């Protein structure tokens, strides 16, 4: 079935640093979504991408739909303590079902 | 306020005692879904529903039942819970895309279930 790969499982950065995460698939995806889950909460949609090559920003967050349609990237600039959480990528492929990656836990050191 | 609500938020129960976790959304979404989240495994879909009276299995449906009698509600039923169903459960809803499936899902706050 469709699978999305996110690694590493955890990332540790210093407050103020930029961080980049990627999500890859062995098959082509038609949409890419990035979610963030705060501790004790449900995932919240950050950015949705619908077109290969698309670059979309939401405040300090920027995400791109890879041109090969097999990957997506999320960048967070000038990180702050409230950026901590789990970042999930998700996408829909040939079967049109939404698939989630396993998530990356981000820690921000003050 | 547009939201997905789940009840209860926390539940401790014993093996074999039937339970229901309720989910309700006020956004008139056609598509609703249940996920479980376990450490290292991410979000795994249990069941989903594309509309009233239309439900289908996700990736890990064993041991669970659902029903969709009204558009806004999508309860998750564990007829005979077992310890391996101890997990964090999320309900989600979305509009239905032209393909019939969902893209931008809105999640509830989660239900932490412990089965002893």
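Chains as they are written, first to last, in the working numbering: chain A, 1 to 110; chain B, 1001 to 1116. Here a beta-carbon is modelled for each residue, glycine too, at the ideal position from N, C-alpha and C. This structure is a prediction, so every number in the text was calculated from the model and none was measured.
Residue i, DSSP secondary structure in three states
| i | result |
| --- | --- |
| residue 83 of chain A | helix |
| residue 3 of chain A | coil |
| residue 1084 of chain B | helix |
| residue 1064 of chain B | coil |
| residue 1116 of chain B | coil |
| residue 1107 of chain B | strand |
Contacts around residue i, its chain only, beta-carbon distance under 7 Å, and the 5 residues preceding and following it disregarded
| i | result |
| --- | --- |
| residue 1019 of chain B | 1011, 1013, 1078, 1081 |
| residue 1109 of chain B | 1006, 1009 |
Interface flag, residue i vs chain A, CB-CB below 8 Å
| i | result |
| --- | --- |
| residue 1076 of chain B | no |
| residue 1089 of chain B | no |
| residue 1016 of chain B | no |
| residue 1003 of chain B | no |
| residue 1064 of chain B | no |
| residue 1030 of chain B | no |
| residue 1104 of chain B | yes |
Chain B residues whose Cβ lies nearer than 9 Å to that of residue i
| i | result |
| --- | --- |
| residue 100 of chain A | 1035, 1042, 1043, 1044, 1045 |
| residue 88 of chain A | 1042, 1043 |
| residue 48 of chain A | 1103, 1104 |
| residue 33 of chain A | 1103, 1104, 1105 |
Contacts that residue i makes with chain A (C-beta to C-beta distance below 7 Å)
| i | result |
| --- | --- |
| residue 1061 of chain B | Under the 7 Å cutoff, chain A gives no residues; its nearest Cβ is about 14 Å from residue 1061 of chain B. |
Contact list for residue i against chain A, beta-carbon separation under 9 Å
| i | result |
| --- | --- |
| residue 1025 of chain B | Those within 9 Å of residue 1025 of chain B in chain A number zero; the least Cβ separation is about 12 Å. |
| residue 1109 of chain B | 40, 41, 42 |
DSSP beta-bridge partners of residue i
| i | result |
| --- | --- |
| residue 56 of chain A | A:63 |
| residue 1026 of chain B | None; residue 1026 of chain B has no bridge partner. |
| residue 1073 of chain B | B:1024 |
| residue 1006 of chain B | B:1023 |
| residue 1035 of chain B | B:1045, B:1090 |
CB contact check: residue i to chain D, cutoff 8 Å
| i | result |
| --- | --- |
| residue 1010 of chain B | In summary, chain D is missing from the structure at hand, where the protein chains are A and B. |
Cβ shell of residue i (< 6 Å), same chain only, five flanking positions each side left out
| i | result |
| --- | --- |
| residue 37 of chain A | 43, 85, 86 |
| residue 1107 of chain B | 1090, 1092 |
| residue 105 of chain A | 10, 86 |
Within-8 Å CB hit, residue i to chain B
| i | result |
| --- | --- |
| residue 41 of chain A | yes |
| residue 66 of chain A | no |
| residue 94 of chain A | no |
| residue 55 of chain A | no |
| residue 24 of chain A | no |
Proximal residues to residue i (C-beta, below 8 Å), its chain only, five neighbours per side dropped
| i | result |
| --- | --- |
| residue 101 of chain A | 4, 5, 6, 23, 88, 89, 90 |
Partner residues on chain B for residue i, Cβ-Cβ distance less than 7 Å
| i | result |
| --- | --- |
| residue 103 of chain A | 1042 |
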